Amino acid sequence: MFKKILIANRGEIALRILRACKELDIKTVAVFSEVDRDLPHVQMADEAFCVGPAEASDSYLNIPNIIGAALISRSDAIHPGYGFLAENPEFVEICKDHNIMFIGPNRESMTAMGDKAAARETASRAGVPVLPGTDVLDEDRQAFAFARQYGYPVIIKAVAGGGGRGMRIVNSDEELRDSLSEAKLEAFKSFADDRIYVEKLMTEARHIEFQILADKLGNVIHLGDRDCSVQRRNQKLIEEAPSQVISPYIRRKMGDAAVSAARAIGYHGVGTVEFLYDVNTAKFYFLEMNTRIQVEHPVTEMVTGVDLVREQIRMEMDEPLDINQRQIFIRGHALECRINAEDPERNFAPSLGEIKDFRLPGGPGIRVDSHIYRGYKILPYYDSLIAKVISHGKDRQEALIRMDRAMYEMYVEGVKTTIPFHRMMMKDEQFRKCEVHTGSVEGRSGSDEDE
Amino acid sequence: MKTQTSESEKSGFFGFTAKDEKDFQDCIRFCANELSDIIDVFNSSSLSRLDAGFEGVELGIEKATQGSGGNGNGSELTVSTEEDTFKPVSSKYLGILHLNNEKNSPYVKRGDEVKAGQTLAVVKTMNIMNTIKAPCKGVVSEILGSEGKPVEYGQILFLLKVV
């Protein structure tokens with residue numbers, strides 16, 4: 002049993018973890034940077050330690066100071082949230098060396114999925130379909146041969162990338178020639194690993210992911226799917242559950258595939274298996290597996306009634322799953338809008354500044370996960386997410402109406418936000434009819450002025 | 014005791030006049046807290062330099078230019094009274110504070126004159142010994158941390174009287 006958990010994160014997810022701990026009667030320790038002293042979770046935690054200056058590399062990624070805080074506070078475990086140290090196998094090892102539980106997968110499963118090329122291979126071996134692609138490139142020749150066989154467009158991916166980072170779309174031989182060396186250089190700069198590979202690009206794909214929950218005894222279930230097709234430059238903006246474009250038969254097949262992928266690496270805790278789905282052929286392909294709690298986990302919580310962060314902590318405490326696959330029912334429909342401090346009119350550029358005033362939505366079927374307060378500053382050091390608004394209704398129509406109302410209620414003064422974009426989307430014919438694919442939003446709200 | 018009182022009266026910050034040794038310590042702690050608040054506000058502002066004066070006390074903060082390192086806070090901080098200038102020394106590390114060396118004698122005592130770069134204390138984190146060094150030449154005016162107690166990032170451990 003954990004008596005005390007250190008939360009190695011900030012913002013809404015730190016608050017989300019604190020809430021789960023409170024309900025489990027576990028004490029909490031917050032770590033924060035100098036500019037984050039006033040965050041609600043820092044105020045509410047049983048103990049709080051300043052671990053560094055605003056720059057994330059010196060605070061939220063400062064492993065010695067974070068481990069130091071865990072040791073001084075005698076914390077039993079560290080919850081990494083998402084981002085920062087959540088997918089760092091070295092950190093998992095350091096926690097282990099100091100007898101602190103890391104709330105997440107073990108080093109082996111994290112590494113197996115962190116390396117995108119290895120993840121493809123693992124999935125493929127577990128019988129999960131993967132997109133046609135090359136092995137890690139030894140010579141550029143392989144990439145050209147692949148493009149000739151499968152046709153353009155293709156996508157160059159960094160082995161160490163993921164979550165939309167380290168990717169390049171290529172449409173011709175000339176572009177491929179230039180892009181290969183640039184992609185290698187970029188991958189080396191971003192991840193200190195210049196290995197790349199090439200995959201066939203699906204242009205009108207739907208991004209559908211499955212939530213996995215597994216205990217340490219080998220029981221693995223999935224909690225249904227989420228459709229995250231409203232994206233901009235591979236960053237998700239709206240997520241929903243369940244997807245309206247897959248049939249019950251495909252859903253069962255994808256769910257089974259997700260469970261096999263997790264089983265293949267002996268996974269425990271919460272995880273997400275992402276797929277690309279081709280509506281025209283009804284075929285799905287493994288994309289990647291995220292070995293952490295995700296930003297969009299609340300949509301699954303709303304439709305299944307399962308508290309994912311609570312289950313994640315319980316699984317880490319060696320407790321068994323107390324539900325089986327047959328006991329998972331999807332009730333109604335849920336939507337999540339990410340409210341970022343970004344200006345949709347200026348190509349979604351981060352809008353730095355101070356929140357002077359705001360109103361959060363509420364009422365039936367609305368949940369808000371947010372850490373903002375009057376005077377909260379959006380600084381360049383961290384991501385620009387300021388709130389997640391989740392709506393739940395008996396069907397998609399009701400969830401849409403509620404979200405539309407919530408976006409009408411919500412306002413933020415002082416910085417630009419994605420609220421106008423969401424208002425537009427809730428009224429968008431294509432979106433209402435579920436015809437949005439991963440490439441649809443690029444051309445909206447002035448976002449077509451890409452480099 | 015009498016000399017103590019007169020000394021603390023002389024060194025009072027922000028117009029505080031301390032009654033005795035204990036009171037003086039409290040004043041220093043209060044001021045150190047106030048100072049870290051001022052530094053926080055300053056650091057998150059777009060200002061690069063701040064000068065302020067209150068009842069015979071002068072405060073000057075300047076942001077370290079990029080690459081020059083600074084001493085933890087990213088800003089250079091000094092506090093001046095009419096006679097003296099003080100420089101707070103804070104911890105860049107989170108860990109257990111050791112004011113004594115392996116031979117169990119203190120690295121520095123109050124009133125000691127120290128050279129720039131001299132070890133004032135050690136903060137032990139994950140079994141790594143991180144030394145806290147004097148940022149400049151000065152006299153140890155106050156020791157604000159306690160032996161064996163945890164300290165966090167940015168916590169002020171010493172006040173040096175600049176000489």
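So the sequence lines, in the order shown, correspond to chains A and B.
Taken in order, the first sequence gives residues 2 to 452; the numbers are from the numbering used here.
Taken in order, the second sequence gives residues 14 to 176; the numbers are from the numbering used here.
For glycine and all other residues, C-beta sits at the position ideal for the given N, C-alpha and C.
Keep in mind the model is a prediction, meaning the values are calculated, not measured.
Cβ of P351 (chain A) within 9 angstroms of any chain B Cβ | Position 350 of the first sequence, counted from the first residue, corresponds to residue 351 (chain A). The C-beta of P351 (chain A) comes no closer than 9 angstroms to any C-beta of chain B.
Closer than 7 angstroms by C-beta to A335 (chain A): which residues in its own chain qualify, once you throw out the five before and the five after it? Chain order, please.
-> Position 334 of the first sequence holds residue 335 (chain A). Cβ within range, chain order: E241, A242, V300, M303, V304, I391, S392, H393, A400.
Note down, in chain order, each residue of its chain lying with its Cβ closer than 6 angstroms to the Cβ of E126 (chain B), except the 5 sequence neighbours on either side.
-> Residue 126 (chain B) sits at position 113 when you count from the first residue of the second sequence. Non-local beta-carbon contacts of E126 (chain B) in its own chain, meaning distances under 6 angstroms to residues more than five positions away in sequence, involve V152 in chain order.
Just tell me which of A:I324, A:Y286, A:Y374, A:M411 has its CA closest to the CA of H368 (chain A).
-> Looking up residue 368 (chain A) in the first sequence gives position 367. The sequence given here places Arg at residue 368 (chain A); His does not occur at that position. For R368 (chain A), the nearest C-alpha among the options comes from A:M411.
Cβ distance (whole Å) where V1 (chain A) is taken to contact A55 (chain A) below 8 angstroms | Any property of residue 1 (chain A) remains undetermined from this structure, which presents chain A solely from 2 to 452.
Could you round the C-beta distance between Y377 (chain A) and A57 (chain A) to whole angstroms and report it? I think they count as a contact, below 8 angstroms.
-> Position 376 of the first sequence, counting from 1, holds the residue named residue 377 (chain A). Position 56 of the first sequence, counting from 1, holds the residue named residue 57 (chain A). The C-beta distance from Y377 (chain A) to A57 (chain A) rounds to 17 angstroms, too long to fall under 8 angstroms, and the pair is not in contact.
Please list, in chain order, all residues of the same chain as S244 (chain A) whose beta carbon is under 6 angstroms from its beta carbon, the five residues on each side excluded.
-> As a first step, residue 244 (chain A) is located in the first sequence; it is residue number 243 there, counting from the start. Hits under 6 angstroms: I209, D226, D228.
Kindly list, in the order they appear in chain A, the residues whose Cβ is closer than 8 angstroms to that of I141 (chain B).
-> For the purposes of this step, residue 141 (chain B) is identified with residue 128 of the second sequence, where counting begins at 1. P65, listed in chain order.
Identity of the residues DSSP links to A215 (chain A) by a beta bridge | Taking the first sequence and counting its residues from 1, the one referred to as residue 215 (chain A) is at position 214. Paired residue(s): A:V221, A:G270.
What are the complete beta strand (DSSP E) segments, minimum 3 residues, inside the segment 269-347 of chain A?
-> You should have 270-279, 284-291, 334-341.
Within 9 angstroms (strictly less), CB to CB, does E91 (chain A) reach chain B?
-> Position 90 of the first sequence, counted from the start, is the residue given in the question as residue 91 (chain A). It does not; no Cβ of chain B falls within 9 angstroms.
Alpha-carbon spacing of D405 (chain A) relative to G366 (chain A), whole angstroms = To locate residue 405 (chain A), count along the first sequence from 1; it is residue 404. To locate residue 366 (chain A), count along the first sequence from 1; it is residue 365. If you take the alpha carbons of D405 (chain A) and G366 (chain A), they lie about 12 angstroms apart.
Go through its chain and collect everything with a Cβ distance to A206 (chain A)'s Cβ below 7 angstroms, but skip five positions before and after it.
-> Looking up residue 206 (chain A) in the first sequence gives position 205. The beta carbon of A206 (chain A) sits closer than 7 angstroms to the beta carbons of L277, Y278, D279, H438, T439 from its chain, once the five residues preceding and following it are set aside; these are given in chain order.
Specify the secondary structure class of F192 (chain A) as computed by DSSP and reduced to three states.
-> By 1-based counting over the first sequence, the position of residue 192 (chain A) is 191. Here DSSP, grouped into helix, strand and coil, assigns F192 (chain A) to helix.
Thinking C-beta only, is L7 (chain A) closer than 9 angstroms to I79 (chain A)?
-> Mapped onto the first sequence, residue 79 (chain A) falls at position 78. Mapped onto the first sequence, residue 7 (chain A) falls at position 6. In contact: I79 (chain A) and L7 (chain A) (Cβ atoms closer than 9 angstroms).
Proximity test, Cβ basis, 9 angstroms: L63 (chain B) and chain A | Locating residue 63 (chain B) in the second sequence gives position 50, where the first residue counts as 1. No, because no Cβ of chain A sits closer than 9 angstroms to the Cβ of L63 (chain B).
Where K100 (chain B) and A147 (chain B) are concerned, what is the direct C-alpha to C-alpha distance, given to the nearest angstrom?
-> The residue given as residue 100 (chain B) occupies position 87 in the second sequence. The residue given as residue 147 (chain B) occupies position 134 in the second sequence. Near 10 angstroms, if we compare the C-alpha coordinates of A147 (chain B) and K100 (chain B).
Unbroken alpha helix (DSSP H) runs of length 4 or more, entirely within the segment 36-87 of chain A: which are they?
-> As for any alpha helix (DSSP H) of minimum length 4 sitting wholly inside the segment 36-87 of chain A, the runs are 41-45, 64-73, ordered along the chain.
Under 9 angstroms between C-beta atoms of T273 (chain A) and F211 (chain A) | Locating residue 273 (chain A) in the first sequence gives position 272, where the first residue counts as 1. Locating residue 211 (chain A) in the first sequence gives position 210, where the first residue counts as 1. Cβ atoms of T273 (chain A) and F211 (chain A): closer than 9 angstroms.
Supposed contact pair G267 (chain A) and T138 (chain B) - C-beta distance, whole angstroms, cut 8 angstroms | For the purposes of this step, residue 138 (chain B) is taken as residue 125 along the second sequence, with counting starting at 1. For the purposes of this step, residue 267 (chain A) is taken as residue 266 along the first sequence, with counting starting at 1. Not a contact, Cβ separation roughly 33 angstroms.
Buried or exposed by the 16-neighbour rule on C-beta atoms within 10 Å, applied to T418 (chain A) | Here residue 418 (chain A) refers to the residue found at position 417 when the first sequence is read from its first residue. The residue in question, T418 (chain A), is buried, as its Cβ has 16 or more Cβ neighbours within 10 Å.
Where K395 (chain A) falls: helix, strand or coil (DSSP) = The residue labelled residue 395 (chain A) in the question sits at position 394 within the first sequence. Reduced to three states, the DSSP call for K395 (chain A) is coil.
Examine chain A for any beta-carbon lying closer than 9 angstroms to the beta-carbon of T144 (chain B), and answer yes or no.
-> Position 131 of the second sequence, counted from the first residue, corresponds to residue 144 (chain B). Chain A contact via Cβ: absent.
Is there a Cβ from chain A that is less than 9 angstroms from the Cβ of L157 (chain B)?
-> For the purposes of this step, residue 157 (chain B) is taken as residue 144 along the second sequence, with counting starting at 1. Not an interface residue.
Tell me whether G83 (chain B) sits in a helix, a strand or coil according to DSSP, three-state version.
-> As a position in the second sequence, residue 83 (chain B) is number 70, starting the count at 1. With a pLDDT of 35 at G83 (chain B), under the threshold of 50, the predicted position of this residue should be treated as unreliable, and no value is reported.
Using 8 angstroms as the threshold, is the segment 341-361 of chain A in touch with the segment 246-254 of chain A, meaning 3 or more CB pairs across them?
-> Judged by Cβ distances under 8 angstroms, the segment 341-361 of chain A makes no contact with the segment 246-254 of chain A, as fewer than three pairs qualify.
In the DSSP assignment, what are the bridge partners of D64 (chain B)?
-> Looking up residue 64 (chain B) in the second sequence gives position 51. BP columns for D64 (chain B) point to B:G73.
What do you reckon, is the C-beta of G366 (chain A) under 8 angstroms from a heavy atom of the ligand SAH?
-> The ligand SAH is not among the ligands present in this structure, which contains no ligands whatsoever.
Any chain A beta carbon closer than 9 angstroms to L236 (chain B) | This structure does not reach residue 236 (chain B), given that chain B is present from 14 up to 176, and the question cannot be answered.
Going along chain B in order, which residues have a C-beta closer than 8 angstroms to the C-beta of V52 (chain A)?
-> For the purposes of this step, residue 52 (chain A) is taken as residue 51 along the first sequence, with counting starting at 1. Per Cβ cutoff of 8 angstroms: L107, E165, Y166.
Looking at L138 (chain A) and Y198 (chain A), is the spacing between their C-beta atoms short of 9 angstroms?
-> Stepping through the first sequence from its first residue, residue 198 (chain A) is reached at position 197. Stepping through the first sequence from its first residue, residue 138 (chain A) is reached at position 137. Yes. Within cutoff.
Select from the segment 90-104 of chain B all residues with a C-beta closer than 8 angstroms to any C-beta belonging to chain A, and list them in chain order.
-> Only those residues of the segment 90-104 of chain B whose C-beta falls short of 8 angstroms from the nearest C-beta of chain A would be listed, and there are none.
Exposed or buried, what is A262 (chain A) when buried is set at 16 or more other beta-carbons lying within 10 Å of its beta-carbon?
-> Against the first sequence, residue 262 (chain A) aligns to sequence position 261. A residue is called buried once 16 or more other Cβ atoms fall within 10 Å of its Cβ, and A262 (chain A) is buried on that count.
Rounded to a whole number of angstroms, what is the C-alpha to C-alpha distance between R20 (chain A) and S230 (chain A)?
-> For the purposes of this step, residue 20 (chain A) is identified with residue 19 of the first sequence, where counting begins at 1. For the purposes of this step, residue 230 (chain A) is identified with residue 229 of the first sequence, where counting begins at 1. Their backbone Cα atoms lie some 29 angstroms apart in a straight line.
DSSP state of E241 (chain A), grouped into three classes?
-> Position 240 of the first sequence, counting from 1, holds the residue named residue 241 (chain A). Correct three-state label for E241 (chain A): strand.
Unbroken beta strand (DSSP E) run spanning Y412 (chain A), endpoints = The sequence position of residue 412 (chain A) within the first sequence is 411, counting from 1. Segment 412-414, the beta strand (DSSP E) holding Y412 (chain A).
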